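Residue numbers (this note's numbering), protein chains in the order written: chain A, 1 to 72; chain B, 1001 to 1651.
Here a beta-carbon is modelled for each residue, glycine too, at the ideal position from N, C-alpha and C.
Note that this is a predicted model, so its numbers are computed, not measured.
See below for the structure under consideration.
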Amino acid sequence: MAKKWVEFDLKDCLSCSICVVACPVSALSLTKDGKSGKYRNVFPELAPGACIGCGTCVKDCPMSCITLKELS
Amino acid sequence: MGKVLRVDLTAGTVSSETVPDRVYDAVLAGKGLAAWYLCKNIPPGADPLGPDNILGFAAGALTGTGALLCGRWTVACKSPLTGGWGDANCGGIFSPAIKQCGYDAIFFSGISEKPVYLFCDSAKAELRDASAYWGLDAVEAEKQIRADVSSRKRPCVAVIGQAGEKCSLIAGICNEGGRIAARSGVGAVMGSKRLKAVVLAGSRKMPCADPEAVKTLSHDLGRKLLKMKLPSGLGGFLGLGGRALGALPSVPMDGSMTSLIFREWGTPSNTPMAITSGDGPIKNWEGDPTDAHGMTRDYNPDKINRMESVKYHCYACPLGCGGRLKIKSNPFTQHTETHKPEYETIEAFGPLCLNGNLDSVLAVNELLNRAGMDSISAGNTVAWAIECFEKGILTTEQTGGLELRWGNAPAILALVEQMISRTGFGADLADGVKRAAEKYGGKEAAMHVGGQEPGMHDTRNDPQLAVHMVAEPAPSKHTIGMSIQYGAMSLCDICSWAPPARMHRKDSDYVPSEEMALISKANACYSMLTDGAGGCYYGEMMGVHMWKLVEYLNAAAGWNFDGDHYMEIGERIQTLRQLFNVKQGYDPAKVKLPKRMEGDPPLRHGPLKGRSLRNEEQVSLHWKAFGWDPVTGIPLPETAERLGIPALLED
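In structure tokens form, the structure reads like this:
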């Protein structure tokens, strides 16, 4: 069975946590410290091995920052 | 059709109830749904701390649809502070959690024999023993409950601290490590029911008619926000900006500017501006900016930002006005971190108490967040005690030796600790300033409206705010409407009867007028609409062209209504809440501003020098604009009929 997980392109991330709340297994948390342009901000990060690859967060992200990856 | 969960704490039972579509059509969800349910189900004369009172947690209509700035939850009940309608509102992540369990709201009635918490996920809802958590502060209880509860989804917890457990009438309800739904004494009602926490771990999909349309609206708003930038290092100049605002004959405000400011600093950005402009009350509402000399530096928001370890965003919020602060070598607290204090907390324990010590304010912030006590009410109460002590109304004999002097930070901390633990002199202050002044005197120094302490915005600086402080069914709130907010929102572009957006004029705005009444009506209706949607005040402040609430609602519900229709929904929610008051025997005509807040006598120095209000006349015009009796404030039968309220409340 293919292993699926999500990856983030944080360039357009709003840090809105819609993905964090949407995740049915709480694999995401809004805890990654970083920068949004000049602004310091906090971003979503994935707990290792926790993603079930359901794609809910991908669908819900308003800025299309998340993609589903698949490893055969 | 949606569902609400009903929990009878006396019987220990839970059941679900279907809500007819006509209710959502009429009042949306959130505060509107709570108003409908409480109006129907709380009997007249119910004891606020008795079994007949109902405590409701409600998610907004737009929560979970993908709409930005729509993640706030409302908690509502009969207020033990005012005896009338009570509600409080909070961010965090609890609002979507209600919907992910399959409900739009959860209502608690009765009183449990022993401490309990409600656990609910996608499949079940049950009451569980909370004895192990009773006595813990809100932050520790949340941590332990999360560790103990086994669920696939990380549980969201709304919880009371010691203040709620001890039924302090100024207690609130917390989530996310001390973010608090603070007002109206909602935490006391939860404590009276022996309900320690509500723990939600559902993962249901939240409904939305047209998710792609909502996503497009959010994407457009997100792109705008990403492009907006503010030069860094401006925190030190905010005080100068406030001074200019105080001196100008009228006050401009732009919605996008608000977004920039709150993204950069959060609400602490307001402190220096409030001190110098006249917006922030000083020395228990009797002082002026010269009394708070140096405090624009003490509370420079850049200083606070430097302590921030990580930013905090509520659900669906692109602004992120919150943050977690690292506390280092602070002589007032052992805690090592705290939520970034809100402006309201800084002002209430800073300039209001003439206290320029930021460390002490951070310590108070963490104490109150953990205890689940309203910092606005607590700050007003402490400031009253200090003024009474300074004027000899209170003595060290009464205060148990506490030297309650202006700016005495250790004494302020000690008093807050007593209020939380209900010990010593503080025990008598734990129910707010009205009750404290009834016992000790000093009523002229007790700042409350209808029993609730006012938010940290000076009514003498804004006659619109003064109207809402009195006329709002849950009085003394600062979040319903202000002149600068009206200028920023451009409501006239969605509502045919709303007067054009304009600057707050400090000459004509102090003269009662029908136009001012229409502005306050529009402000209140839009505020209710926002709360029905689960929206954030800072979304409102962006203005209708940036945060497109009407378009969001149409897309999420599959409707095609215009702004007038939605403003009528807001009017209906407001009128329902006032009818709740009438049913409970709350007399709107008896609710007045304290003389000091009305400018009677006016201040002799500073930006508010010579300003006084004709608030009763303006409140009367506000009621008339709503179709309520201009003398009694009671909604007229024809108004209730026009809004379809009698039919809405029928079974």
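Shown here, Gly1177/B sits in coil according to DSSP, grouped into three states, outside any helix or strand. Shown here for Ser1520/B: same chain residues with a beta carbon closer than 7 Å to its own, the five before and five after excluded, namely Gln1464, Val1467, His1468, Gly1481, His1622 in chain order. Counting along the chain, the unbroken beta strand (DSSP E) around Thr1338/B starts and ends at 1337-1339. Interface annotation for the stretch 1083-1112 of chain B against chain A: Ile1093, Pro1096, Ala1097, Gln1100, criterion Cβ-Cβ distance under 9 Å.
The contact set of Gly37/A on chain B, defined by CB atoms closer than 8 Å, consists of Leu1226, Lys1229 in chain order. Interface residue (Cβ-Cβ distance to chain A less than 8 Å): Leu1549/B is not classified as such.
Taking 9 Å as the upper bound on Cβ-Cβ separation, chain A lies near residues Asn1305, Glu1308, Ser1309, Val1310, Lys1311, Tyr1312, His1313, Cys1314, Tyr1315, Ala1316, Cys1317, Pro1318 of the stretch 1300-1318 of chain B.
For Arg1072/B, the closest C-alpha among the options Leu1081/B, Gly1092/B, Gly1066/B is that of Gly1092/B.
Residue environment for Trp1265/B: buried (at least 16 other C-beta atoms within 10 angstroms of its C-beta). The distance from the Cβ of Asn1270/B to that of Tyr1343/B is about 4 Å, consistent with a contact at the 8 Å cut-off. The beta carbon of Ile66/A sits no closer than 8 Å to any beta carbon of chain B. Chain-order list of chain B residues neighbouring Leu30/A: His1313, by C-beta distance under 7 Å. Assignment of His1293/B by DSSP, reduced to helix, strand and coil, places it in the coil class.
Inclusion of Ile1180/B and Gly1372/B in the CB contact set at 8 Å is warranted, their separation being smaller than that value. At a cut-off of 8 Å between beta-carbon atoms, Pro44/A makes no contact with chain B. Sequence-distant partners of Ala27/A (beyond 5 residues in either direction) whose C-beta falls short of 8 Å from its own C-beta, in its chain, are Leu46, Ala47, Ala50, Cys51, Ile52. If you ignore the 5 residues before and after Thr1258/B, its C-beta comes within less than 8 Å of the C-beta of Ala1488, Tyr1538, Met1541, Met1542, all in its own chain and listed in chain order. The Cβ-Cβ distance between Lys1224/B and Gly1066/B does not fall below 8 Å. Taken in chain order, the complete alpha helix (DSSP H) segments of 4 or more residues contained in the stretch 1093-1151 of chain B are 1094-1100, 1138-1148. The DSSP assignment places complete alpha helix (DSSP H) segments of no fewer than 4 residues inside the stretch 1480-1513 of chain B at 1483-1489, in order along the chain. At a C-beta separation below 9 Å, Leu1200/B has no neighbours in chain A, since its nearest C-beta there lies roughly 11 Å away. The three-state reading of DSSP puts Cys57/A in helix, counting H, G and I together. Among the residues of chain A, none has a CB under 9 Å from the CB of His1339/B; the nearest is roughly 13 Å distant.
In this structure the stretch 1129-1137 of chain B does not lie against the stretch 1028-1041 of chain B, because fewer than three pairs of beta carbons, one per stretch, are closer than 8 Å. The criterion of a C-beta distance shorter than 8 Å is satisfied by Ala1105/B and Tyr1037/B.
From the beta-carbon of Lys1166/B, no residue of chain A is found nearer than 9 Å; the closest lies around 33 Å away.
Asn41/A has Gly34/A as its beta-bridge partners, per DSSP. Collapsing the DSSP output to three states places Phe1057/B in a strand. If you draw a straight line from the Cα of Thr56/A to the Cα of Arg1204/B, it comes to about 11 Å. Measuring C-alpha to C-alpha distances from Ala1213/B to each of Pro62/A, Gly34/A, Val58/A, Lys69/A identifies Pro62/A as the nearest.
By the neighbour-count criterion, in which a residue is buried when 16 or more other Cβ atoms sit within 10 angstroms of its Cβ, Ser1095/B is buried. Going by beta carbons, Gln1452/B and Ser1483/B fall outside the 8 Å limit. Using beta-carbon distances, Asp12/A counts as an interface residue toward chain B, with a partner under 8 Å. In terms of CA proximity to Gly1633/B, Leu1579/B leads the group Leu1579/B, Gly1424/B, Leu1593/B.
When Cβ-Cβ separations below 8 Å define contact, Leu1068/B makes contact with chain A.
Residue contact with chain B for Pro48/A: absent (no Cβ-Cβ distance below 8 Å to any residue of chain B).
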